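The numbers in our numbering rise by one with no breaks, and the one at position 29 of the sequence shown is 56. These notes are about the structure you will find just below.
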Amino acid sequence: MILVDIALAKRARENDPIRVGMIGAGFMGKIIALQLLRSVKGIALVAIYNRNITAAQQAYEGAAISSYETVSTQSSLEERIGQGAYSIVDDPMLICRAKNIDVIIEVTGAVEFSSHVVMEAIRNKKHVVLMNAELDATIGPILKTYADEAGVILTNCDGDQPGVQMNLFRFVKGIGLRPVLCGNIKGLQDPYRNPDTQKEFAAKWGQKPIMVSSFADGTKMSFEQAVVANATGMTVARRGMYGFTAQGLPLKEAVKKYPIDLLTAGPGIVDYLVGAEPVPGIFVLGTHDDPQQQHYLNRYKLGEGPLYLFFTPYHLCHFEIAFTCARAALFNDATITPLGPPYVDVVATAKRDLLEGEVIDSIGGFLTYGQCETALICHEQQLLPMGLAEGCVLTRNIARDEVISYSDVILPPGRYADQLREQQNKHFYVSDYSSLQYL
Numbered sequence: 028m029i030l031v032d033i034a035l036a037k038r039a040r041e042n043d044p045i046r047v048g049m050i051g052a053g054f055m056g057k058i059i060a061l062q063l064l065r066s067v068k069g070i071a072l073v074a075i076y077n078r079n080i081t082a083a084q085q086a087y088e089g090a091a092i093s094s095y096e097t098v099s100t101q102s103s104l105e106e107r108i109g110q111g112a113y114s115i116v117d118d119p120m121l122i123c124r125a126k127n128i129d130v131i132i133e134v135t136g137a138v139e140f141s142s143h144v145v146m147e148a149i150r151n152k153k154h155v156v157l158m159n160a161e162l163d164a165t166i167g168p169i170l171k172t173y174a175d176e177a178g179v180i181l182t183n184c185d186g187d188q189p190g191v192q193m194n195l196f197r198f199v200k201g202i203g204l205r206p207v208l209c210g211n212i213k214g215l216q217d218p219y220r221n222p223d224t225q226k227e228f229a230a231k232w233g234q235k236p237i238m239v240s241s242f243a244d245g246t247k248m249s250f251e252q253a254v255v256a257n258a259t260g261m262t263v264a265r266r267g268m269y270g271f272t273a274q275g276l277p278l279k280e281a282v283k284k285y286p287i288d289l290l291t292a293g294p295g296i297v298d299y300l301v302g303a304e305p306v307p308g309i310f311v312l313g314t315h316d317d318p319q320q321q322h323y324l325n326r327y328k329l330g331e332g333p334l335y336l337f338f339t340p341y342h343l344c345h346f347e348i349a350f351t352c353a354r355a356a357l358f359n360d361a362t363i364t365p366l367g368p369p370y371v372d373v374v375a376t377a378k379r380d381l382l383e384g385e386v387i388d389s390i391g392g393f394l395t396y397g398q399c400e401t402a403l404i405c406h407e408q409q410l411l412p413m414g415l416a417e418g419c420v421l422t423r424n425i426a427r428d429e430v431i432s433y434s435d436v437i438l439p440p441g442r443y444a445d446q447l448r449e450q451q452n453k454h455f456y457v458s459d460y461s462s463l464q465y466l
């Protein structure tokens, strides 16, 4: 990351910016636009798509850009990009196919829609930056397989918790320690929160209640920790992770709740703490086997071990996204991307007693929450991925806190995300999925 500022400054001096197209102009998309257009040199946000064009207009205007035009053809978009102009498109595939766009930023949080967009971008050899842990945790490994074949980078972003954890993981590993835990710090965790309970908080910050609900009920964090696990080869200690409550405890005390033997015996785990200070933040626990190095780690105030704590007391989301674009486009480096096969998945779990015939609503809704499970168990037990739960029709009653399986639902017909998930399962597990039920 230290190299990136110099590289971007060089691109700015040469009037050869990294050309970026953005899919999604909601709460996060608007502030990304402001950051890239007003605070970063060497990157040009040349095109924006949003389902509601007004939101895309607001993204440009919020950054004091009024010279944009709405275009509907590939040729007009590419011509305007060549002129250094800004465009809004009514079809996201125009951005994915534009020959003079280098990087696509996907910011919708959707799974089905984004699966089409990301695959089209990869087919057209665009680097893809995801601010979409839901998509990444659900079908990230197969998307990465396609990206590798196309010779492009698929990555989640600097600034958001997965990217911050991965940067710290790489630092800890790079100085010779063995990372054994990547952790997230939450202020609140209540799986039964819903859009009604979060309406007031959402209004205060100008967000949608359903999005805020996905934060509060732990689903979003579960997706994020699955992304970290899939990038590091780590696992979870148990379904749902430990998630120890550590209200007001300093982080160095709170991490003592983790059993050392479990952390050091396997590939390491992803997990989270609730209420540890500082909030918000992320942390990595590492070990070192060399007594000489242990002595110096103690001398440098990291303690006597055997676990050494490294942490970042913030995550700055959109402020750092330019780093991700530059790492991909200029250095062929992913901030955080699947290592290979999935290691951890997020499974759909009943938020209340559910009835046969009910249609599962969206992530952060009233009916389900997501929790982490090992990918192998998810595969062997045919558990329903949270990222694919929306729109599924229940075929039996499900008790609150019961995990939902594929056999409990009928899937919506024709979804591309289901096809990619099936490809992912077959690519990494080699199994027959002919028994899945579709509407």
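Glycine included, every Cβ here is placed at the ideal spot set by N, Cα and C. None of the values given here were measured: they were computed from a predicted structure.
First through last residue of the beta strand (DSSP E) which encompasses residue i
i, result
"Ile-50", "45-50"
"Ser-114", "114-116"
"Pro-72", "It is worth fixing the name first, because residue 72 is Leu in this sequence and not Pro. Looking at the DSSP string, the run of the beta strand (DSSP E) that includes Leu-72 is 70-76."
"Val-263", "Here Val-263 belongs to no beta strand (DSSP E), and DSSP marks it neither H nor E."
"Gln-398", "395-401"
"Glu-96", "96-98"
Own chain, CB closer than 6 angstroms to residue i, minus 5 neighbours either side, in chain order
i, result
"Tyr-335", "Gly-313, Leu-324, Leu-329"
"Phe-455", "Pro-368"
"Glu-331", "Asn-325"
"Leu-290", "Val-207, Leu-208"
"Tyr-465", "With a pLDDT of 44 at Tyr-465, under the threshold of 50, the modelled position of this residue cannot be trusted; read the value that follows with caution. Only Leu-438, Pro-440 meet the Cβ criterion."
"Leu-215", "Ala-243"
"Ala-90", "Ala-60, Leu-61, Leu-64, Arg-65"
"Ala-281", "Ala-273, Leu-300, Ala-303"
Proximity to residue i [Cα-Cα], best of the options
i, options, result
"Gly-392", "Gly-414, Glu-383, Thr-401, Glu-251", "Gly-414"
"Val-373", "Ile-149, Ala-164, Ala-83, Glu-280", "Ala-164"
"Arg-442", "Gly-167, Phe-140, Ile-115", "Phe-140"
"Pro-305", "His-322, Phe-337, Thr-291, Ala-83", "Phe-337"
"Val-311", "Ile-431, Gly-210, Ala-82", "Gly-210"
"Arg-197", "Ala-361, Pro-412, Val-371", "Ala-361"
"Ser-432", "Thr-376, Thr-401, Gly-418, Leu-447", "Thr-376"
"Glu-383", "Asp-435, Gly-367, Lys-152", "Asp-435"
"Asn-79", "Ile-92, Phe-54, Val-67", "Phe-54"
"Val-47", "Pro-168, Arg-423, Ala-264, Ser-114", "Ser-114"
"Asp-217", "Val-73, Ile-75, Arg-379", "Arg-379"
"Ala-160", "Pro-333, Thr-422, Asn-257", "Asn-257"
"Gly-190", "Arg-220, Ala-349, Cys-419, Glu-88", "Ala-349"
"Val-420", "Glu-385, Thr-351, Ser-94", "Glu-385"
"Val-116", "Val-98, Glu-133, Ile-128, Asn-127", "Val-98"
"Ile-166", "Asn-194, Ala-137, Asp-187, Gln-192", "Ala-137"
"Asp-175", "Gln-450, Pro-340, Leu-366", "Leu-366"
"Ser-103", "Asn-77, Ala-90, Val-73", "Val-73"
"Ala-253", "Val-297, Asp-185, Gln-62, Gly-308", "Val-297"
"Ile-33", "Asp-388, Phe-358, Asn-77", "Phe-358"
"Ala-71", "Gln-110, Gly-51, Gln-85", "Gln-110"
7 angstroms CB neighbourhood of residue i in its chain, flanking five on each side removed
i, result
"Asp-445", "Leu-415, Leu-438"
"Ala-355", "Val-130, His-154, Val-156, Ile-180, Thr-182, Ala-361"
"Tyr-173", "Met-146, Ile-149"
"Ile-58", "His-345"
"Arg-38", "Pro-44, Ile-45, Gly-69"
"Met-248", "Asn-211, Lys-213, Tyr-299"
"Gly-267", "Gln-398, Cys-399"
"Tyr-396", "Pro-218, Asp-244, Gly-245, Thr-246, Thr-376, Lys-378"
"Val-199", "Pro-206, Val-311, Gly-313, Phe-337"
"Asp-187", "Met-158, His-342, Cys-344"
Strand pairing of residue i, partner residues [DSSP]
i, result
"Ile-363", "Asn-183"
"Lys-213", "Val-301"
"Phe-358", "According to DSSP, Phe-358 bridges with nothing at all."
"Glu-41", "Its beta-bridge partners do not exist; DSSP assigns none."
"Arg-427", "According to DSSP, which records beta bridges pairwise, Arg-427 is partnered with nothing at all."
"Pro-206", "Gly-313"
"Ser-432", "Leu-410"
Delimiting residues of the alpha helix (DSSP H) encompassing residue i
i, result
"Asn-194", "188-201"
"Ile-108", "101-109"
"Ala-377", "Run containing Ala-377: none in the alpha helix (DSSP H); it sits in the beta strand (DSSP E), 371-377."
"Tyr-443", "443-456"
"Ile-169", "160-177"
"Glu-88", "80-89"
"Arg-65", "54-65"
"Val-239", "236-243"
"Ala-229", "226-232"
Close Cβ partners of residue i (< 8 angstroms) along its chain, the five nearest in sequence each way excluded
i, result
"Ala-101", "Per the sequence presented here, residue 101 reads as Gln, with Ala not at that position. Hits under 8 angstroms: Leu-121, Arg-124, Ala-125."
"Leu-410", "Asp-372, Val-374, Ala-375, Glu-400, Ile-404, Val-430, Ile-431, Ser-432, Tyr-433"
"Gln-320", "Gly-203"
"Val-67", "Leu-35, Ala-349"
"Arg-423", "Glu-383, Asp-435"
Any non-hydrogen atom of the ligand MN within 7 angstroms of residue i CB
i, result
"Glu-407", "The ligand MN is not part of this structure, which contains no ligands at all."
Which runs of the beta strand (DSSP E), 3 residues or longer, sit entirely within the stretch 268-311?
296-301
Runs of 3 residues minimum, wholly inside the stretch 120-155: which ones carry the beta strand (DSSP E) assignment?
130-133
Run through the stretch 308-355 for me and flag every whole alpha helix (DSSP H) of 4 or more residues, listed as ranges in chain order.
318-326
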